[in-house]
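Data block below; observations after.
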Amino acid sequence: MIKDITIGFLGCGNVGSGVWRLLEGFGEDIAHRAGLRFHIKKVLVRSLDKQRGITFPEGVLTIKPDDVLNDPEIQMVVEFLGGEQPAYDWMLRALNNGKTVVTANKVAFALHWHELQKAAKKQEVGLYYEAAVCGAIPIIHSLEESLQANRIDKIYGIVNGTTNYILTRMSKNAEDYSLVLKDAQRLGLAEPDPAADVEGLDAAYKLSILASLAFHGRVPFEDVYVEGITHISKEDIRCGQELGYTLKLLAIAKRNGLEVETRVHPTFIRSDHPLANVSGSFNAVYLHGHACKEMMFLGRGAGDMPTASAIVSDLERAASACQHQYPTFQNELNPRVALRHNTDWQCPFYIRMLAKDAPGVLSRVAKCFADENVSIAAVQQNGQRNNGRVALVVITHQASEKAMQRAIAALDQDIAKLESIIRVEEE
Ligand code: HSE
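Whatever position you read off the sequence shown (first residue = 1), add 18 for the working numbering.
Shown next, in the form of structure tokens:
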């Protein structure tokens, strides 16, 4: 017996078109295997005339949101709009109208998870968001279900393909950031306005979702420290490589008892770490659970068909669920009662300075670090003298973030001008 499910789309860009094509080409397999057949009744678009490479049957395309949100025959709404608004309002309306929502929207979801989930629970409908984090990689389902028997204490994610593509090219070919960015835009791998990706925000939304699920407590987006890759130079990448490190934009979440730290920033990791080999636009999530131990997920985090893979799988999950499940958070009712947000994490640091090549300079730099109890693990001074200055690279032992910032602030810039500071993760 086949169960027929009527669905509506909010938006039909790249990913929406991918879902249409996947259901068109693979729908019979799903019907045969799972006994489910999805009928797309309405597709909300901004322009009826835009070419999408799809022949929509007469009457499917609409420019009126109500044609999707208020149609009693539509049981599930798939949201592809992206951004906070109007996506959030429309998802909420769909849920309040008794429709299950499937979304790829990390922004609206990370910012309004609580309200969306409350509406879904009240109406006893589903809220599915696998596609919002790392495209095709089934990390949401794994955290919600397959890894439930674990106390997860660490997540390291390469969750943004654009920045991973840029850093990979900078690392492999010693290319400049701005040139690679332009090339990535030309190839369609970076958006015309790349800010959300290169400034780390896209990764921070995803980390807020991952950390909340992994630690069973809501980790608000605002609690994620965010630093992007716009200031990264090929000089730093090269110095790191000489010391055995590879640079990645990592989304890091750690839990120690009730203390949680969440941060997105360029990070040096050992070049033999599995994440160091995640190249190009690939995404990966590496985590540690007390029972499963280390685990790594690798796959495509964006693109029409990889994202459609997650959306259509969510549609199937939703359609075959006897009862929809909702994650529970210790701090849902009274935010932050249980979890403490730690902003003074410990990690080793890489610091590159342009120092005067003169007697006593090293000891003055070392004193700034020692005054803040920051212990130096390695010092490298080489390269050509330029205007009487040389590159001085210091790697510290584990140090407190705040102590490190104070030590840097105390540096006499005439003696040792700070060029860059990059956090290190030693796994
Ligand atoms: N812009 C994202 C990336 C994909 O580059 O990975 C969508 O989240």
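Note that beta-carbon positions come from the ideal geometry of N, C-alpha and C, so glycine has one too.
Query	Result
Proximity winner among I413, K374 and K385, relative to N404 (alpha-carbon distances)	K374
Beta-carbon proximity of P83 to L62, cut-off 8 Å	yes
Distance between T264 and A105 (C-alpha atoms, nearest Å)	37 Å
Per DSSP, cross-strand counterpart(s) of S418	Q364
Exposure label - P324; buried when at least 16 CB within 10 Å	buried
Contact belief for V177 with L199 at Cβ below 8 Å, rounded distance in angstroms	Their Cβ separation, rounded to whole angstroms, is 19 Å, which puts V177 and L199 out of contact at 8 Å.
Given 8 Å, three or more beta-carbon pairs between the region 285-292 and the region 146-160	no
Validate contact between the region 139-147 and the region 355-372 using beta carbons, cut 8 Å, 3 pairs	no
Contact test: G179 Cβ vs the ligand HSE heavy atom, cutoff 7 Å	yes
Cα-Cα separation, G34 to P90	22 Å
Residue of G53, A395, W363 and G406 minimising C-alpha distance to E419	W363
Distance cut-off 7 Å: A271 Cβ against heavy atoms of the ligand HSE	no
Chain-order list of residues whose beta-carbon lies under 6 Å from that of E279 (same chain, five-residue window excluded)	K272, N360 and W363
Range of the contiguous alpha helix (DSSP H) that encloses M188	G179 to N191
Spatial distance of F347 from E277 (CA atoms)	15 Å
Through-space distance from E437 to L54, alpha-carbon basis	58 Å
Limits of the unbroken alpha helix (DSSP H) element including E443	That residue, E443, is in no alpha helix (DSSP H); its beta strand (DSSP E) goes A434 to E443.
Residues bridged to G31 (per DSSP)	G31 pairs with nothing; no bridge assigned.
Rounded Cβ spacing between K124 and Y223 (contact assumed at less than 8 Å)	4 Å
The ligand NAP heavy atom lying under 7 Å from the CB of A339	This structure does not include the ligand NAP; its bound ligands are the ligand HSE.
Reduced DSSP category for V383 - H, G, I as helix; E, B as strand; rest coil	helix
Rounded separation between H120 and G258 - CA only	At residue 120 the sequence reads Val, which differs from the His that was named. If you take the alpha carbons of V120 and G258, they lie about 42 Å apart.
Distance CB(V383)-CB(A434) smaller than 8 Å	yes
In chain order, each beta strand (DSSP E) run of at least 3 residues that lies wholly inside the region 53-103	54-62 and 94-97
Same chain, Cβ closer than 7 Å to L406, five either side skipped, listed in chain order	Checking the displayed sequence, the identity of residue 406 turns out to be Gly instead of Leu. Answer for G406: K374 and D375, listed in chain order.
Distance between beta carbons of F286 and V442, contact taken as under 8 Å	5 Å
Cross-strand partners of D22 (DSSP beta bridge)	R55
Any non-hydrogen atom of the ligand HSE closer than 7 Å to D332 Cβ	no
Start and end residues, beta strand (DSSP E) containing D171	I170 to I176
Near the ligand HSE: G43 beta-carbon under 7 Å from a heavy atom	no
Where Q135 sits in the DSSP three-state scheme	helix
Three-pair Cβ contact test at 8 Å for the region 40-59 versus the region 126-140	no
I329, enclosing alpha helix (DSSP H) - first and last residue	D322 to S338
Spatial neighbours of Q118 in its chain, beta-carbon cut-off 6 Å, leaving aside the 5 residues before and after	The residue asked about is misnamed: residue 118 is Thr in this sequence, not Gln. The residues are M94, V143, G144 and A336.
Cβ-heavy atom distance, A202 to the ligand HSE, below 7 Å	no
Integer-rounded CB distance, given that D332 should sit under 8 Å from A149	7 Å
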